[in-house]
Every structure is written in C-alpha cells, then in structure tokens.
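Asker: Going down the list, the sequences are from chains Z and Y. Numbering (this note's numbering) for the first sequence: 49 to 527. Numbering (this note's numbering) for the second sequence: 487 to 930. The beta-carbon is built from N, C-alpha and C at its ideal position, and this holds for glycine as well. No experiment lies behind these values; they were computed from the predicted model shown. Can you keep this structure in mind? I'll have questions shortly.
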Amino acid sequence: MRDVAERALDEAVVAGASYADCRVVVRTVQTVEVKNGRVARVALHDDEGVGVRVVVDGAWGFAGLDRIDARGAEEAARRAVRIARAGSRLRSAPVRLAPLTPATGEYHTPVGVDPFTVSLERKIEVLLAADAAMARVPAVTVRDGSLEFVRERRLFASSEGARLEQTIVESGGGMDATATSDDEVQTRSHPNSFGRHQLCAGWEAIEEMALPEHAERIAGEAAALLTADPCPAGRMTLILDGTQAALQVHESCGHPTELDRVLGDEAAFAGTSFLVPDLLGSFRYGSEAVTIVADATAPRGLGTFGWDDEGVPAERTVLVDRGLFTGYMSSRETAAVFDRQSSGTMRADGWSRLPLIRMTNVNLEPGESSLEEMIATTEHGVYLETNRSWSIDDRRLNFQFGCQNGWEIRDGRRVRLVRNPLYRGITPEFWRSCDAVAGPDEWRMWGVINCGKGEPMQSMHVGHGAAPCRFRDVQVGPA
Amino acid sequence: MLRRSAEECLALADAVLAAVPHGEAEVLVTEDDLALTRFARNIVHQNVADTGLSLRLRLVAGGRVGVAELHGGAADAIERLVGNAEEARRLAPAQDDLAPLPEPGGGDGDGPCGWSDATAAATPERRAEGVGTVIAAAAARGLEAFGALSTRSTRRAVVNSRGLRRHGQVTAASLSAVVRGEDGAGYADRHAVDVDDLHPAAVAAEVVETAERNQGARPAEPGEYEVVLAPYAVQEMVAYLSYIGFSALAVQEHRSFMRRGERLMSPEVGIRDDAADPLARPFPFDFEGVSTRRVTFVEQGVCRDVVYDTPTAIRDGVASTGHALPQPNTIGPWATHLVMDPGTTPVPELVAGVRRGLYVTRLWYVRVVHPLRTVITGMTREGTFLIEDGRLGAPVRDLRFTQSIVEALSRVRGISDERRLELGEDGSAVLVPWVRLESFRFTS
Numbered sequence: 049m050r051d052v053a054e055r056a057l058d059e060a061v062v063a064g065a066s067y068a069d070c071r072v073v074v075r076t077v078q079t080v081e082v083k084n085g086r087v088a089r090v091a092l093h094d095d096e097g098v099g100v101r102v103v104v105d106g107a108w109g110f111a112g113l114d115r116i117d118a119r120g121a122e123e124a125a126r127r128a129v130r131i132a133r134a135g136s137r138l139r140s141a142p143v144r145l146a147p148l149t150p151a152t153g154e155y156h157t158p159v160g161v162d163p164f165t166v167s168l169e170r171k172i173e174v175l176l177a178a179d180a181a182m183a184r185v186p187a188v189t190v191r192d193g194s195l196e197f198v199r200e201r202r203l204f205a206s207s208e209g210a211r212l213e214q215t216i217v218e219s220g221g222g223m224d225a226t227a228t229s230d231d232e233v234q235t236r237s238h239p240n241s242f243g244r245h246q247l248c249a250g251w252e253a254i255e256e257m258a259l260p261e262h263a264e265r266i267a268g269e270a271a272a273l274l275t276a277d278p279c280p281a282g283r284m285t286l287i288l289d290g291t292q293a294a295l296q297v298h299e300s301c302g303h304p305t306e307l308d309r310v311l312g313d314e315a316a317f318a319g320t321s322f323l324v325p326d327l328l329g330s331f332r333y334g335s336e337a338v339t340i341v342a343d344a345t346a347p348r349g350l351g352t353f354g355w356d357d358e359g360v361p362a363e364r365t366v367l368v369d370r371g372l373f374t375g376y377m378s379s380r381e382t383a384a385v386f387d388r389q390s391s392g393t394m395r396a397d398g399w400s401r402l403p404l405i406r407m408t409n410v411n412l413e414p415g416e417s418s419l420e421e422m423i424a425t426t427e428h429g430v431y432l433e434t435n436r437s438w439s440i441d442d443r444r445l446n447f448q449f450g451c452q453n454g455w456e457i458r459d460g461r462r463v464r465l466v467r468n469p470l471y472r473g474i475t476p477e478f479w480r481s482c483d484a485v486a487g488p489d490e491w492r493m494w495g496v497i498n499c500g501k502g503e504p505m506q507s508m509h510v511g512h513g514a515a516p517c518r519f520r521d522v523q524v525g526p527a
Numbered sequence: 487m488l489r490r491s492a493e494e495c496l497a498l499a500d501a502v503l504a505a506v507p508h509g510e511a512e513v514l515v516t517e518d519d520l521a522l523t524r525f526a527r528n529i530v531h532q533n534v535a536d537t538g539l540s541l542r543l544r545l546v547a548g549g550r551v552g553v554a555e556l557h558g559g560a561a562d563a564i565e566r567l568v569g570n571a572e573e574a575r576r577l578a579p580a581q582d583d584l585a586p587l588p589e590p591g592g593g594d595g596d597g598p599c600g601w602s603d604a605t606a607a608a609t610p611e612r613r614a615e616g617v618g619t620v621i622a623a624a625a626a627r628g629l630e631a632f633g634a635l636s637t638r639s640t641r642r643a644v645v646n647s648r649g650l651r652r653h654g655q656v657t658a659a660s661l662s663a664v665v666r667g668e669d670g671a672g673y674a675d676r677h678a679v680d681v682d683d684l685h686p687a688a689v690a691a692e693v694v695e696t697a698e699r700n701q702g703a704r705p706a707e708p709g710e711y712e713v714v715l716a717p718y719a720v721q722e723m724v725a726y727l728s729y730i731g732f733s734a735l736a737v738q739e740h741r742s743f744m745r746r747g748e749r750l751m752s753p754e755v756g757i758r759d760d761a762a763d764p765l766a767r768p769f770p771f772d773f774e775g776v777s778t779r780r781v782t783f784v785e786q787g788v789c790r791d792v793v794y795d796t797p798t799a800i801r802d803g804v805a806s807t808g809h810a811l812p813q814p815n816t817i818g819p820w821a822t823h824l825v826m827d828p829g830t831t832p833v834p835e836l837v838a839g840v841r842r843g844l845y846v847t848r849l850w851y852v853r854v855v856h857p858l859r860t861v862i863t864g865m866t867r868e869g870t871f872l873i874e875d876g877r878l879g880a881p882v883r884d885l886r887f888t889q890s891i892v893e894a895l896s897r898v899r900g901i902s903d904e905r906r907l908e909l910g911e912d913g914s915a916v917l918v919p920w921v922r923l924e925s926f927r928f929t930s
C-alpha cells in the first residue's frame, strides 16, 4: 500500500501539484440477512482502490481508480492533476489550507472479538432465533433481521509527509417486525430502525443487542399498534428515547455545525445552515441542559478513528456548551478561512470519493435525570420511541419527525399506547425547551449508517451518544 | 473514460462463469466512470472523477445460495470472487424453494440503450465550460451560483449458467444549479443521455430568473392551497409513489396502496414504467438479465399493475417484468424508468387558471409519513410563489407540507403538455410534467 501511495504522490508533484494526498483503501463487508424464516442473503463484498487529491494552479482535483498498483496510482494522479487544471480558470483565489504537522502512526479499532472470526453459522443462528421469536405473534406478516461487519484498512499519505495506517472494524445488527391490517402498517425495530444499529466494535456489540431476547417484544408492540389510538394532537410535553434523541441531534445540530455547509459548499444540494459565523459564541442554541460535542475519540462510535482523511488527529470539539453555540466541525480549508486549525472531521466514503466535512460522533452529553423521573414529573405529554420518518429544511430549522411507538403520559404515568406519532418544531426553539436529559446510566452510543451528503452522494457511518431527554410545549400529533 | 467495451465486460462475465466449479451461477459485471465538477460562490470548489469495475457472483448449489461482490480491478479478482461466493454458499442453510435463475429470453442487445459517445468522452474542460456559463450568467447579475455538472457512463453485462447473456450501456449527463441573491435563491436542472442536450445557457437563464423573482420572500399562512408544481417537485411525488407501492413485494406484504382496478386518482393521471422510452434514459434489461417490459401503474386514474422480479413473479404465478435488483435481496423489484403522461395544457395556462394559490419550484427532504395512505412530508425550496388572479406573484418563504400523494393526484386540475427528465434519489429516470392540483396541505 505504501509504495502505491508514494508513487501517486510523486506523479502528482511531478505533474505540477503544489499539494497532494493519497488514500489507499481496502474494505471488506460481510452481510447476513434473514427474512420470514429464510436466509435471504449471505454476501461478502470487497472494495479496493486508490484516491488521489491534488491542488494544481490553486485548484482542487480528485481522481479515484479501482486498482492498487503503481500504474493505477500514476493514472489516478495524472487524472486528478488534469481535472484540477481544468477547474483552475474558474477559481478566483487559490486553495489555502490550515497548517498541520504531518503525522506518522497506526490506529486499530479496539475490538473484543474480531467479528470476522465468528462463524457464519453463529451469525445465522442469532438471526433465525430472533426471527422465530417474532413469528410467535400472528399479526406480524413481515420479519427482517440483518447483521453487517466491516473491516477497512486505509493508508493516508500526503506530500507534506504524513504516513498514517488505520484499520477500522464495525459490527452492526438489527431486526424489524411489521404487522399489517386492511388499513394500517406498523413496524417495530430493535435496537434501532432503518436496518440496524452499528458500532466500531467487535462481535460483543451483537451479543449486547440481545436480538432474540427482544424479538417477541417488538413483534407484540407492532401488533398492538395496529389498533392503538391515534397520537393525541396539540402542544404538550415530549420525551424522546435515546435513539430518537440521537437522530434529532444528527439533523438539527450535527449538520448545521458543518462548516462547509455554513460557507455554502453544499448550498445546491444538502443545503446551508442557520448557524452563521456571527452567531458563534453568543447564540443561545438550547437550554442549560444541552451540551453537544463532536468527539472522534469517544469509544465505539462510528466516527471514532485515529486521524481523519486529511491526516488531522481525532479531536473533541464542543459545539454547544450548556446551550451556547460554541463550535463547528471543520476541514483544513474551511478552518483556514477563519485562521483556525481543522477540527479533524474530513471523511470520505471509500477510495472513490473526495473527503468532506462529516460528523464524527456528535453526542448529547448526559444530564442528571432519568427516563422514569421525566415521566413521573410530566403532567401531560407523550413518550416517543424509535424513528419512523424524518425531514428538515435546507437550513436545518424547520423539522418534522415521526416515531414508531408512542405512549401518552397523564399525571406522571404512561396511560396508553398511541400510534403514528409526529412532532415538529424549529431547531433553537426546540432545544431551548429541553429541561432534562437522562444521566450516564441511560446514555448510549448509537450508530447512523445512512448519512447522505455531497455530490456524488456519499453515505457515511456516524456516531451519536444520547440519552432520553424531555422537551416542553412541543407541537405533537398523529400522522 | 471506461476502459472496457460492452463486449469485454461480457467476456469478463463469461470468464467468471467458467471459473465456477459446480452448481448454477449468475455473474454481473458493471464498469462505471463518473466525473463531476462542482461549483459554489461562483468558483469550482470540488472537481472529481472515479472509474471502477464491479463484479458480482451469485452461486447456487444444493439448495444453498452465496453471493460475493468485488469493487476493484485486482489481478486475482476472479479467483477471490469465486472463493468468497463458494464460502458464503457452503455455510448458508439449504432451502427448498429458492427462486431459479432466469432462462434466456429475448435477444442479446434488444431494446434501446440511452448511450452518447459525447457524454462518455466528456473532458474536465468540457464540464468547466458548462459550469462557466452558469457562473457567468449569475455573476453578470451580481448573484452567486452553486451546483454541479456531471457525466457518467456505465456498461453492464449479465450471464448465467442457463445460457442467458446480456450486455448494455448507458450514459447520463446532469447540470443542476442554485443561484442565490442577498435574500433568496432559484433552482434549475437538466438531465440527459447526451451532454450536448444539457444546454447550460438555458439552465442559467431559468435559474437566474427564478432567483431574481425569489428575493425578499414573505411568510405565507400554512393551510390548503391550490398549487402548480414544477417537474422538479412532481418528480418527488411520482418517485415516492413508486417507492411506497409500485412493487409486487409491497403488494404481497400488504404495504402498498395499490388496489388493482380501483380508481384512486383523477382520470388525467397516467403513470408507467417504460425502460424503452427514448426520453427516459432507456436500458433494456434488469440485474437478472430479464428484458424490462413496459408496466402501467395508473391508467386514467385507475390502479393497474406493479413491477416484478423473479421471486415475486413466482409467488404470484406470473412472469417477471424485468425489474429485478441484484438477487437475492429483501427490497424486491424496483421501477427505474418512471414516466408520467403529459396533459394538453401549456405551462402558462396552468398558472393562468389559478385564482389564488402557490407555484412550487422544488420539494426537499421528502420522507414517508404513512405508507398505506401515501402521506409524505417535506419542505418547499428555492422558488415558492403566490399565484394571484392567474399570475405569478410575490415570493413566499419555504413551507412544510404533509400530504397524501394519492389524495393530491385525485384532484388534478391540469397537466402540462411539456415534460422534463428528472432523476430520483436512487438515480432512476423520472419523466414528468407540470401539474396543477386543486389542494395541497402546508402544515408549517
């Protein structure tokens, strides 16, 4: 790998690059899917290639090629240089990068049990056991379960002298039970919706999910939701479970604190941000209960690594400090606009894509409350679990989320299950209404495996530490 | 540039098949070249390209199926692919009702492919030229341009051990642009098979005009409005209808709104999948190598058929319509060439007929709220205008909508005689007109 990277850098510099970096990436993904009692798919996916990024005549160019050898490296470098040169006439000022001391080193995801050493039979056994438990509930007509394991070896080398080798390991799993009637479809998931929950961890993460043990419960909940009362409508207290709190953080704090969005790099696609630089350090984003950090050093998160894809060391940046907006996620180029250092959040979806500012682990810090205490001190409201739909505007202000499961709360007690719950709001108003976050005992690291951004579209795995939290006076209603 | 011809992709697929030691097998070979020049604040800020080969092997023997995929051009690719697929197959439980591999049918190369040599050979200089046209138009008016111009070419070959052999190729060129002023923005895009059909000057003129019109937007009260939706917005509705309910698997699992033979929409509404429509980036076969047939979903407002792959077709005792994704999968069949019938009304007359309503350029971040009722939510973006007494009026701030698609399309008051090719989130072609709807629900 190292020889290939060196060859790419040499070729780029000779061809005129004032800066070049090269990533050599080898990724293996194992997927097992079970549906309705059958093994629907057992697949091994290998993905390998080289990506070369250059600055030529003050402009960026990038080329990816699917071969890891000297010829491939040279070809990718030459193409990147030509591309940069073609774009340079449409660039008024040259690219400027925040300074960085080039590093050398290695990083490996800490794992208990390497998931690739666990037999396929064991993986299928877990999923089939969960499927059989879901099948005990007759109203459940569709049962899905899946496991996914990722091992990615990546080498980063730059013309400044960085030489970094990392091996990232991920383990993910999940299941869905779908119940149907003539006029209703209801799905319950565990541990999270939209396929699976995933961590930078080993097989132990799958054991912790206890899929077979939770299977009959979610199947029963899906069936019960078919005939549950619709969610009540009106302004009321809202309590979110940890998974929904994680997605709320993702959409309404993670994305708007990406500095490339703020500067307009994503204006035509993913959008911009309401958190403009003038607000930094003075804008009340949320209540005193709300502290949010971007932390690439947090254990087990999908955004945990040694260095980002520009060679910047993993960092912890406070985005919101006790309600005050205090920080951005940045790259070397965007940080330079403000004469700052990069916060180390440039990440690429494989060798074929350009690194972009992406969330690492954007975490809502734990508070001092608990779910039971929040419910016990709520006069009227709803407790919502597990995301079902999510939508937010291009500045990340106006949002609407739907959840799979809802409980109406009256006088400190859950009184009835309610279906098709929605809530909506405006980001800072919403977070300012947060009056409680559960403590460390209920705080978990969650994984989002489908964060889309960029053109060409890149799908990123990001982490979110979160705990149940409570919001006052929120607009709630049925779908 | 792609490195292999369609015939060479087919030969590579044959070589993989020949290396399979036993049982039945299906090989899918895809070579893809994508280049994209991205601009923001009137400069090119990202400029990328990648070329990659993907091999996929489905191995079936003894009632067990294993799949291996390899994205990369390693010298030992075939050996690794076969070894990985066999390992997955060997460890998978035996099943007695596996869907068989498709038999050969139709002829090699039948049906049109949307291919353009100009797109396949497009250079970074050519992309910069198109981008420069948009930037210059924006800058001339004191505005800032953002967007991307991309060119893509793809070759695909499918072979299986039953003798099926197919190959095809397709290109795509896209230009999307947002132009922003001090207090508002506009949007325009074009998609085509041939990069020569992107017409950057026309895109620039449209997006600059929308941006200049959309300055200083005022809030509008949420509620029910009569609307005229531009194709950028109609695309979202049609693509989400397909996602929710145009697949046989969704019907079999009781997740689809489709009730065959029932009139759910206005008589003007016709929606189908047509992989041979020359305006919809045609491609003749699916990922199993089965010829893609035309399927009518909605005819004169009445629900008709859905798309099938081999497993769902066997379940219903019918033939596959040629809409398979790579098998096996849990997603089911997928419509990739959505076409909505045009109407007879010129676009200006759609607006002229509205006494008070909204013109919506684009929808954003659309998500399903309730699949059976086809309720979606999302925001308007980059160009929402009042229509007053038949004329496009003042801009209004973006609004959130929460609306049943079927319900909206049951109250059609007009469909334009002109259509645009758009692309769905998954890259599928969606050919759609402007649509005037009696009522659309904006919630905040």
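Between which two residues does the alpha helix (DSSP H) holding Z/W479 run?
Answerer: T475 to R480
Asker: Tell me which residue opens and which closes the beta strand (DSSP E) that Y/M723 is part of.
Answerer: Where Y/M723 is concerned, there is no enclosing beta strand (DSSP E), although the alpha helix (DSSP H) it sits in stretches over P717 to G731.
Asker: Could you pull out every residue in the same chain whose Cβ sits closer than 7 Å to the Cβ of Y/G775, ignoring the five residues on either side in sequence?
Answerer: P588, V644, N646, L650 and R652
Asker: On the three-pair Cβ rule with 8 Å, is the region 542 to 557 of chain Y touching the region 579 to 586 of chain Y?
Answerer: yes
Asker: Mind reading off the beta-carbon distance from Y/F769 to Y/P812? Whole number of angstroms is fine, and I expect it under 8 Å.
Answerer: Not quite, the Cβ-Cβ distance comes to about 15 Å (not below 8 Å), so this is no contact.
Asker: Have a look at Z/R309 and Z/M257 and give me their C-alpha separation to the nearest angstrom.
Answerer: So the alpha carbons of these two residues sit roughly 35 Å apart.
Asker: If the cut-off is 7 Å on Cβ atoms, which residues from the region 82 to 110 of chain Z count as contacting chain Y, listed in chain order?
Answerer: K83, R86, V87, A88, R89, V90, A91, L92, H93, D94, D95, E96, G97, A107, W108, G109 and F110
Asker: Against chain Y, which members of the region 309 to 333 of chain Z pass a CB distance test of less than 7 Å?
Answerer: G312, D313, A315 and A316
Asker: Run through DSSP, which three-state label would Y/F887 get?
Answerer: Correct three-state label for Y/F887: strand.
Asker: Taking Z/G513 as the reference, give the member of Z/V82, Z/N411 and Z/R191 with the closest Cα.
Answerer: Z/N411
Asker: What does the alpha-carbon distance come out to for the pair Z/E154 and Z/V360?
Answerer: 13 Å
Asker: CB Z/L138 to CB Y/V530, shorter than 8 Å?
Answerer: yes
Asker: Following the continuous beta strand (DSSP E) through Z/H262, name the residue where it begins and the one where it ends.
Answerer: Note, Z/H262: premise wrong, no beta strand (DSSP E); alpha helix (DSSP H) at L259 to L274.
Asker: Along the region 847 to 861 of chain Y, where does the CB come closer than 9 Å to a CB of chain Z? Name the residues.
Answerer: With the criterion set as a beta carbon lying under 9 Å from some beta carbon of chain Z, the members of the region 847 to 861 of chain Y are W850, Y851, V852, R853, V854, V855, H856, P857, L858, R859 and V861, in sequence order.
Asker: Taking the beta carbon of Y/D536 as the centre, do at least 16 other beta carbons fall within 10 Å, making it buried, or is it exposed?
Answerer: buried
Asker: What residues in the region 769 to 783 of chain Y bring their beta carbon closer than 9 Å to a beta carbon of chain Z?
Answerer: none
Asker: For chain Z, find out if any of its Cβ atoms is closer than 8 Å to the Cβ of Y/S902; answer yes or no.
Answerer: no
Asker: Considering only C-alpha positions, which residue in the set Y/V568, Y/A614, Y/L488 and Y/V861 is nearest to Y/S602?
Answerer: Between Y/S602 and the set Y/V568, Y/A614, Y/L488 and Y/V861, the nearest pair of CA atoms involves Y/L488.
Asker: Checking contacts by CB at 8 Å: is Z/A276 closer than that to chain Y?
Answerer: Taking Cβ atoms only, chain Y never reaches closer than 8 Å to Z/A276, which makes this a no.
Asker: Measuring CB atoms only, is the region 153 to 167 of chain Z touching the region 212 to 222 of chain Z, in the sense that at least three cross pairs come out at less than 8 Å?
Answerer: These segments touch.
Asker: Is there a Cβ from chain Z that is less than 8 Å from the Cβ of Y/R524?
Answerer: yes
Asker: Start and end of the alpha helix (DSSP H) containing Z/T291?
Answerer: G290 to V297
Asker: Please tell me whether Z/F373 and Z/L323 are closer than 8 Å, where the distance is taken between their beta carbons.
Answerer: yes
Asker: What first and last residue would you give for the alpha helix (DSSP H) that runs through Z/V129?
Answerer: A118 to S136
Asker: Taking only the alpha-carbon atoms, compute the straight-line gap between Z/R133 and Y/F525 and give it to the nearest angstrom.
Answerer: For Z/R133 and Y/F525, the gap between their C-alpha atoms comes out near 15 Å.
Asker: With a threshold of 16 other CB atoms inside 10 Å of the CB of Y/D875, please say whether the residue is buried or exposed.
Answerer: exposed
Asker: Within the same chain, show all residues whose beta-carbon is closer than 8 Å to that of Z/F331, passing over the 5 residues directly before and after it, in chain order.
Answerer: Excluding sequence neighbours, Z/F331 sits near L323, L372, F373 and P476.
Asker: For Y/V530, go through chain Z and note every residue whose CB falls closer than 7 Å to its CB, in chain order.
Answerer: A107, G135, L138 and R139
Asker: Determine the extent of the alpha helix (DSSP H) in which Y/P834 is found, giving its start and end residues.
Answerer: V833 to A838 is the span of the alpha helix (DSSP H), which, as asked, contains Y/P834.
Asker: Tell whether a beta-carbon distance below 8 Å holds between Z/A146 and Z/R388.
Answerer: In this structure, Z/R388 lies closer than 8 Å to Z/A146 by Cβ.
Asker: Less than 6 Å between C-beta atoms, sequence neighbours within five positions excluded: which residues of the same chain meet that for Z/S437?
Answerer: G450
Asker: For a minimum of 4 consecutive residues, which ranges assigned as the alpha helix (DSSP H) are wholly contained in the region 838 to 912 of chain Y?
Answerer: Fully enclosed alpha helix (DSSP H) runs of no fewer than 4 residues occupy 891 to 895 of the region 838 to 912 of chain Y, in order along the chain.
Asker: Please list the residues of the region 435 to 452 of chain Z that have a C-beta atom closer than 7 Å to any C-beta atom in chain Y, keeping them in chain order.
Answerer: S437, W438, S439, I440, D441, D442, N446, Q448 and G450
Asker: Under a CB-based cut-off of 8 Å, is Z/H504 close to chain Y?
Answerer: Looking at the sequence shown, residue 504 of chain Z is not His but Pro. So, interface residue.
Asker: Which runs of the beta strand (DSSP E) at least 3 residues long sit entirely within the region 135 to 195 of chain Z? Give them in chain order.
Answerer: 152 to 156
Asker: Along chain Z, which residues have their Cβ under 7 Å away from the Cβ of Y/D519?
Answerer: Chain-ordered listing is empty here: chain Z has no CB closer than 7 Å to the CB of Y/D519, the nearest sitting near 10 Å.
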